[in-house]
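Letter by letter, the sequence shown follows residues 1 to 396 in the numbering used here.
Below: the structure, in structure tokens.
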Amino acid sequence: MSKQYSELNVGSRILMGPGPSDCDPKVLRAMSVQTVGHLDPDFIAVMNDTVELLRHVFQTENQMTLPMSGTGSAGMETVLVNLIEPGDRVLICVAGLFGQRMVDIAGRCGGVVETVQVPWGRIIDPGEVKKALAKGPYKLVAIVQAETSTGILQPLDEVIALAHENGALVVVDAVTSIGGVELRVDKWGIDTCYGGTQKCLSCPPGLAPVTFNETARKAVTGRRSKVQSWYLDLNMIQNYWGQERFYHHTAPVNMVYALREALRLVYEEGLDKRFARHLRHAGALYAGVTAMGLRLAAQEGHRLPSLTTVAVPDGVDEARARRDLLNGFGLEIGGGLGELKGKVWRVGLMGYSSSHRNVVLFLSALEAVLKAQGVKTPAGAGTAAAEAYLAANPLK
Ligand SMILES: *Cc1c(COP(=O)(O)O)cnc(C)c1O
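Laid out in structure tokens, this is it:
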């Protein structure tokens with residue numbers, strides 16, 4: 001008797017973790033459209049729209065703007081492997097897991113890596129970056145705008161100015177900020193930036209938008225050595241996404257459909273409205289969580305609207321609470337990583353998942369799962385505070 005397999009069967013979920021977020025059904029519908037060839041004229045039109053819409057979401061005119069095949073980490077690796085040549089000195093700001101990942105990748109590229117470090121849950125202090133830059137020169141300074149492992153939104157202006165004064169390129173990780181939090185590549189002078197699809201763009205994981213300005217593009221095209229990675233070499237990939245349409249690897253056609261639709265929805269909503277929506281729902285979540293007597297873990301004044309870290313109260317089994325949320329309510333949130341393992345929950349309000357419904361559902365479900373562990377919070381206090389916040393802060 002051979003083994004039988006059922007048709008694909010995945011339960012219904014509400015995604016409020018560190019990503020992926022829930023996809024707009026329109027995105028999933030776009031993704032199920034018939035696959036065509038990667039050089040089909042209809043697909044080329046889809047590619048062109050996607051690049052235009054990517055420039056909009058990055059707020060850039062950069063010619064070298066495209067979605068890399070792979071998830072956010074492929075975007076990180078693309079930027080680092082194309083910019084770093086063996087022996088290049090690079091400065092990386094580490095305030096959480098994703099800063100650490102950049103250090104790992106930059107070392108694998110042959111870079112000589114220096115870091116600026118802070119405890120997880122705090123922002124990088126520009127004063128420390130200034131001190132480190134004095135030991136330069138560096139080819140680049142890399143920093144994460146939205147540290148998904150800690151819930152911090154990193155201010156970028158001073159770090160960018162300092163890097164440029166010292167002749168370094170600026171690399172920004174915008175995986176959890178793109179499409180959810182203000183990000184202005186050209187206005188802010190970011191040389192290279194990468195994102196991901198499954199966080200605030202609410203598209204399935206699988207593509208990594210990247211953008212390079214002219215200075216960064218010249219650093220890639222003028223390398224002394226070949227890019228170590230054949231797959232991620234922008235010198236070749238830009239000939240497929242650019243005018244030439246040279247085959248490099250088969251584009252993940254249906255992922256590009258999905259991204260085009262996700263970006264179209266961002267464009268339709270409007271960036272400013274979208275950022276305001278993320279801020280508003282985060283504000284309601286903060287109000288609710290604090291009214292329940294819980295504590296927000298990230299540094300005040302620098303909290304990331306798309307991802308909130310909530311300190312786990314003493315005596316609570318944090319993994320059990322997450323399990324209960326998933327099994328009882330179909331609701332996914334994340335646990336802590338690294339320095340914050342076991343200490344925080346990570347609650348995402350990203351893209352399509354950033355909604356009034358989700359804030360209220362999470363707060364009431366959290367009350368129930370805490371009660372199951374004998375932790376009493378004032379009945380209904382979380383949802384009442386969130387509703388009051390939303391009423392006092394209407395969407396304009
Ligand atoms: C999620 C994330 C990544 C990695 O993206 P993957 O899609 O998981 O490969 C990188 N940086 C940040 C800040 C992230 O949140």
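C-beta atoms are modelled at their ideal positions from N, C-alpha and C, and glycine is treated no differently.
Keep in mind that this is a model prediction, so the values were computed, not measured.
Specify the secondary structure class of residue i as computed by DSSP and reduced to three states.
i: R260; result: helix
i: Q238; result: helix
i: G351; result: helix
i: R295; result: coil
i: F246; result: coil
i: T150; result: coil
i: L201; result: coil
i: Y231; result: coil
i: P252; result: coil
i: S69; result: strand
i: P305; result: coil
i: E214; result: helix
i: M31; result: helix
i: A75; result: Note that residue 75 is Gly in the sequence shown, not Ala. Helix.
i: I160; result: helix
i: T400; result: This structure cannot speak to residue 400, because the chain is shown only from 1 to 396.
i: R431; result: Since the first and last residues shown for the chain are 1 and 396, residue 431 lies out of range.
i: R223; result: coil
i: V171; result: strand
i: V312; result: coil
i: L80; result: helix
i: P137; result: coil
i: E269; result: helix
i: V36; result: coil
i: P25; result: helix
i: E332; result: strand
i: V344; result: strand
i: L207; result: strand
i: G374; result: coil
i: L279; result: helix
i: K396; result: coil
i: R274; result: helix
i: E300; result: coil
Can you give the beta carbon distance from residue i to residue j, rounded, assuming they're within the 8 Å contact cut?
i: Q154; j: I190; result: No, Q154 and I190 are not in contact; Cβ-Cβ is about 12 Å, not under 8 Å.
i: G17; j: E332; result: 5 Å
i: V81; j: C109; result: 5 Å
i: R260; j: L28; result: Going by Cβ atoms, the distance from R260 to L28 rounds to 13 Å, so no, they are not a contact pair.
i: N393; j: G283; result: 6 Å
i: T197; j: A146; result: With 8 Å as the limit, T197 and A146 do not qualify as a contact, their Cβ atoms being about 15 Å apart.
i: L66; j: W241; result: 4 Å
i: D22; j: S202; result: 6 Å
i: A287; j: A386; result: 6 Å
i: E128; j: V116; result: 5 Å
i: K26; j: L265; result: 7 Å
i: A258; j: A74; result: About 16 Å; that fails the 8 Å criterion.
i: N62; j: F212; result: 6 Å
i: G180; j: G351; result: 6 Å
Just curious, the alpha helix (DSSP H) that residue i is in, first and last residue?
i: Q100; result: L97 to R108
i: E367; result: H356 to K371
i: Y389; result: A381 to A392
i: T50; result: P41 to F58
i: E61; result: Looking at the DSSP string, E61 is not in any alpha helix (DSSP H), and its letter there is neither H nor E.
i: A319; result: E318 to F329
i: A132; result: P126 to L133
Could you pull the start and end residues of the beta strand (DSSP E) that residue i belongs to?
i: I178; result: First-last for I178: undefined, no H or E at that position.
i: R89; result: R89 to V94
i: I143; result: L140 to V144
i: V402; result: Residue coverage of the chain in this structure runs from 1 to 396, which leaves residue 402 outside it and unanswerable.
i: Y5; result: It is not in any beta strand (DSSP E) - Y5 carries neither H nor E in the DSSP assignment.
Is residue i near ligand 3, with its Cβ less than 6 Å from a heavy atom?
i: D324; result: For the structure depicted, ligand 3 is absent and the ligand set comprises only ligand 1.
Hey, does residue i have any beta-carbon neighbour from chain D nearer than 7 Å?
i: H281; result: Of the protein chains in this structure there is only one, and it is not chain D.
Would you check if the stretch 67–78 and the stretch 205–219 touch, i.e. whether three or more CB-CB distances between them fall below 8 Å?
Judged by Cβ distances under 8 Å, the stretch 205–219 makes contact with the stretch 67–78, as three or more pairs qualify.
Contact the stretch 374–384 vs the stretch 273–282: 3+ CB pairs below 8 Å:
With a cut-off of 8 Å, the stretch 273–282 and the stretch 374–384 do not count as touching, because too few Cβ pairs lie within range.
Is the stretch 332–350 in contact with the stretch 305–324, if contact means three or more CB pairs nearer than 8 Å?
Judged by Cβ distances under 8 Å, the stretch 332–350 makes contact with the stretch 305–324, as three or more pairs qualify.
The stretch 211–226 / the stretch 77–94 touching (three or more Cβ pairs under 8 Å)
Taking 8 Å as the limit for Cβ pairs, the verdict is that the stretch 77–94 does touch the stretch 211–226.
Counting pairs of beta carbons, one from the stretch 162–177 and one from the stretch 127–137, are three or more of them closer than 8 Å?
Contact between the stretch 162–177 and the stretch 127–137 is established, with three or more Cβ pairs separated by less than 8 Å.
Could you say if the stretch 240–256 and the stretch 38–46 meet the contact criterion of at least three C-beta pairs nearer than 8 Å?
Segments in contact, yes.
Inter-stretch contact (C-beta, 8 Å, three-pair minimum) for the stretch 178–186 and the stretch 357–366:
Touching, no, given that fewer than three Cβ pairs across the two stretches are closer than 8 Å.
The stretch 318–335 / the stretch 168–183 touching (three or more Cβ pairs under 8 Å):
No contact exists between the stretch 318–335 and the stretch 168–183.
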